[in-house]
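A.B. asks: My structure is below; once you've seen it, I'll send some questions.
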Amino acid sequence: MTESTSDILVIGGGIAGISAAARLSGDAKVTVIEGEKALGYHASGRSAALIEENYGAPSVRALNKATVGYLRDGGYLSPRGLMIIADRHEEEAFHSDLAHMGVEQITPDDALRLVPILAAERIAFAGYHADAHDIDTDRLLQDFAKELRGNGGRIETGHPVTSITRTGNTWKVTAGPHIHHAAKLVNAAGAWADQIAILAGVPPIGITPYRRSMARIAAPGGHDMSRWPMFFGVGETWYAKPDAGALLISPADEDATEPQDAWADDMVLAEGLERYQNMVAVPLTKPIATWAGLRSFAVDRTLVLGPDPAQPEFIWSAGQGGYGFQTSAAASQLVADLTLGNAPSLPDPVVEALRPDRLRA
Numbered sequence: 004m005t006e007s008t009s010d011i012l013v014i015g016g017g018i019a020g021i022s023a024a025a026r027l028s029g030d031a032k033v034t035v036i037e038g039e040k041a042l043g044y045h046a047s048g049r050s051a052a053l054i055e056e057n058y059g060a061p062s063v064r065a066l067n068k069a070t071v072g073y074l075r076d077g078g079y080l081s082p083r084g085l086m087i088i089a090d091r092h093e094e095e096a097f098h099s100d101l102a103h104m105g106v107e108q109i110t111p112d113d114a115l116r117l118v119p120i121l122a123a124e125r126i127a128f129a130g131y132h133a134d135a136h137d138i139d140t141d142r143l144l145q146d147f148a149k150e151l152r153g154n155g156g157r158i159e160t161g162h163p164v165t166s167i168t169r170t171g172n173t174w175k176v177t178a179g180p181h182i183h184h185a186a187k188l189v190n191a192a193g194a195w196a197d198q199i200a201i202l203a204g205v206p207p208i209g210i211t212p213y214r215r216s217m218a219r220i221a222a223p224g225g226h227d228m229s230r231w232p233m234f235f236g237v238g239e240t241w242y243a244k245p246d247a248g249a250l251l252i253s254p255a256d257e258d259a260t261e262p263q264d265a266w267a268d269d270m271v272l273a274e275g276l277e278r279y280q281n282m283v284a285v286p287l288t289k290p291i292a293t294w295a296g297l298r299s300f301a302v303d304r305t306l307v308l309g310p311d312p313a314q315p316e317f318i319w320s321a322g323q324g325g326y327g328f329q330t331s332a333a334a335s336q337l338v339a340d341l342t343l344g345n346a347p348s349l350p351d352p353v354v355e356a357l358r359p360d361r362l363r364a
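The opening position of the sequence shown corresponds to residue 4 in our numbering, with each subsequent residue numbered one higher.
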């Protein structure tokens, strides 16, 4: 067994863990422990990779707005746009989505110009928001990793954590043949966040993983989709997004499951593909590939960021759901500030809405 000592250990090598580690590394010696052989293997590697500032709970939207400038200045964004479409019988749900998402109503003809494969006879209502952008998620993840390493931080991959104990003021974490020591521990383990807490003797906070299935199909009708927006059915019952010359389609499913290397549910995926097919005029082709990821939420569907009230040296960075990349810059800065005892730049009500304290009785 090899042993090493850091100031801070970060468990989890997805966007939540790597971004937090990068922010911390300018002021502390940081080591990231990732059980998989590569960074971003689970939820971060299966993201829809879009930022829409009006998407999510109020505290999530605050994080979105505080992150978008960082992403824009870093050159991580490219134009995409977002569109909602609805049939005649979905008018009430459509207007609810319109209000919630801050989307402007457009005509069905406008919708057809944006996505020419739509079935004209089915599109009764449409809404569009131009200010939604693709995120270069791989470059963002790797740039945070580069920042961490540039500040002397380390990333250990390929060995899941098997034991966590605390003696005095020090955490002892065993992962494969390595024993790590540190004064502070950041739990950025995604779907496994509660399991890491239990290993550490910290009460879980109720993080539930939900499966989301995805299919990739060839460009419908051979169209150039590079300028198409991401388009949704009302109530987010399905969505489709151009991606590297192909089209991603999801039933937007959320089925509670155990932490795992998720796979697509064929029946659920088929139902989502049928909902997509009902709104387009071109035949659905056989998927090129299918997969699934896990979106992990706390009970109030808001991120959990900051020290545990029962054990302040155990810091949560969990419950990102589908918002990990689009909140990454602001969420990681908040985690770093709260870990290091610095004053957060976010407004106090937002910080309080994100702290784990709210989930403790």
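Ideal Cβ placement from N, Cα and C applies to all residues, glycine included.
Can you give me the Cβ contacts of S253 inside the same chain, cut-off strictly under 7 Å, excluding the 5 residues immediately before and after it?
C.D. replies: Taken in chain order, the residues that qualify are R215, S216, M217, W241, Y242, G275.
A.B. asks: Taking just the CA atoms, how far does W319 sit from L308?
C.D. replies: Approximately 5 Å, taken between the alpha carbons.
A.B. asks: May I have the straight-line CA-CA distance separating G29 from L250, to the nearest angstrom?
C.D. replies: One C-alpha to the other measures close to 40 Å.
A.B. asks: Per the contact definition of three or more C-beta pairs closer than 8 Å, is the stretch 165-183 in contact with the stretch 257-271?
C.D. replies: They do not touch, by the three-pair rule.
A.B. asks: So, is K40 buried or exposed, given that buried needs 16 or more other C-beta atoms within 10 angstroms?
C.D. replies: Looking at its Cβ environment, which holds fewer than 16 other Cβ atoms inside 10 Å, K40 is exposed.
A.B. asks: Ignore the nearest five residues each way along the sequence and tell me which others in W231's own chain have a CB closer than 6 Å to its CB.
C.D. replies: V118, P245.
A.B. asks: Put I120 into one of helix, strand or coil per three-state DSSP.
C.D. replies: Coil at I120, not helix or strand.
A.B. asks: Return the Cβ separation of I210 and A196 in integer angstroms, given the expectation that the two are a contact with Cβ distance under 8 Å.
C.D. replies: Going by Cβ atoms, the distance from I210 to A196 rounds to 5 Å, so yes, they are a contact pair.
A.B. asks: Could you give the DSSP three-state label for G296: helix, strand or coil?
C.D. replies: Three-state DSSP puts G296 in a strand.
A.B. asks: Which same chain residues end up closer than 6 Å to R442 when comparing Cβ atoms and leaving out the 5 residues on each side of it in sequence?
C.D. replies: Residue 442 is absent from the structure shown; the chain starts at 4 and stops at 364.
A.B. asks: Do the stretch 326-344 and the stretch 66-80 touch if we need at least three Cβ pairs shorter than 8 Å?
C.D. replies: The stretch 326-344, when compared against the stretch 66-80, does touch it at the 8 Å Cβ threshold.
A.B. asks: May I ask which residues mark the beginning and end of the alpha helix (DSSP H) holding G327?
C.D. replies: Note, G327: premise wrong, no alpha helix (DSSP H); not H, not E.
A.B. asks: Excluding the five sequence neighbours on either side, which residues of its own chain have a C-beta within less than 6 Å of the C-beta of M4, listed in chain order?
C.D. replies: Only P180, I182 meet the Cβ criterion.
A.B. asks: To which residues of the same chain is L80 closer than 6 Å at the C-beta, ignoring the five residues directly before and after it?
C.D. replies: The answer, listed in chain order, is L74, H136.
A.B. asks: Which same chain residues, not among the five before or five after S62, have their C-beta less than 8 Å away from its C-beta?
C.D. replies: Hits under 8 Å: T305, L306, V353, A356, L357.
A.B. asks: DSSP three-state call for V338: helix, strand or coil?
C.D. replies: V338: helix per DSSP, three-state reduction.
A.B. asks: Output needed for L85: all residues of its chain with C-beta closer than 6 Å, excluding positions within five of it in sequence on either side, in chain order.
C.D. replies: Closer than 6 Å at the Cβ level, and outside the excluded window around L85, lie E55, H132, A135, P232, M233.
A.B. asks: Just the Cα atoms here: how many angstroms apart are F317 and L27?
C.D. replies: F317 and L27: Cα-Cα distance of roughly 15 Å.
A.B. asks: Could you tell me the alpha carbon to alpha carbon distance between I201 and P359, rounded to whole angstroms?
C.D. replies: Each residue's alpha carbon lies about 15 Å from the other.
A.B. asks: In terms of alpha-carbon separation, which member of G59, A52, S229 lies closest to G322?
C.D. replies: Among G59, A52, S229, the Cα nearest to that of G322 is on G59.
A.B. asks: Please report the distance separating the alpha-carbon of A31 from that of G17.
C.D. replies: Their backbone Cα atoms lie some 20 Å apart in a straight line.
A.B. asks: Quick check: what's the CA-CA separation for I220 versus P286?
C.D. replies: The straight-line gap from Cα to Cα measures roughly 11 Å.
A.B. asks: Buried or exposed for T34, please, with buried defined as at least 16 other CB atoms from any protein chain shown within 10 angstroms of its CB.
C.D. replies: Flag for T34 reads buried.
A.B. asks: Let's test the definition: count the other Cβ atoms within 10 Å of the Cβ of R298 and tell me whether it reaches 16, buried, or not, exposed.
C.D. replies: R298 is buried by the Cβ-count criterion.
A.B. asks: If you compare alpha carbons, which of A191, V164, E239 is closest to H103?
C.D. replies: Minimum Cα distance to H103 is reached at E239.
A.B. asks: Nearest by alpha-carbon distance to L42: which of V13, D113, R64, R116 is it?
C.D. replies: The candidate whose alpha carbon is nearest that of L42 is V13.
A.B. asks: When the distance is taken between beta carbons, is T260 closer than 8 Å to Y213?
C.D. replies: Yes. Within cutoff.
A.B. asks: Helix or strand or just coil, what does DSSP make of Y73?
C.D. replies: DSSP places Y73 in helix when its eight states are reduced to three.
A.B. asks: Return yes when the Cβ of I87 is within less than 8 Å of the Cβ of G20, no when it is not.
C.D. replies: Going by C-beta atoms, G20 is not nearer than 8 Å to I87.
A.B. asks: Is K68 helix, strand or coil by DSSP?
C.D. replies: Three-state DSSP puts K68 in a helix.
A.B. asks: Here's the rule: buried if 16 or more other CB atoms are within 10 angstroms of the residue's CB, otherwise exposed. What is R83?
C.D. replies: Burial call: buried.
A.B. asks: Do the CB positions of T160 and E6 come within less than 8 Å of each other?
C.D. replies: No, the Cβ-Cβ distance between T160 and E6 is not below 8 Å.
A.B. asks: Leaving out the 5 sequence neighbours to the left and right, which residues in its chain are closer than 7 Å to P290 when beta-carbon positions are compared?
C.D. replies: Around P290: A218, R219, I220.
A.B. asks: Give a yes or no on whether the C-beta atoms belonging to A247 and I120 are separated by under 8 Å.
C.D. replies: No, they are not a contact pair.
A.B. asks: Could you check if R64 is buried or exposed, using at least 16 other CB atoms within 10 Å of its CB as the buried criterion?
C.D. replies: Looking at its Cβ environment, which holds 16 or more other Cβ atoms inside 10 Å, R64 is buried.
A.B. asks: Output needed for R53: all residues of its chain with C-beta closer than 8 Å, excluding positions within five of it in sequence on either side, in chain order.
C.D. replies: A small fix is needed here, since residue 53 is Leu in this sequence, not Arg. Cβ within range, chain order: R83, L85, A135, H136, D137, I138, M233, K244, Q329.
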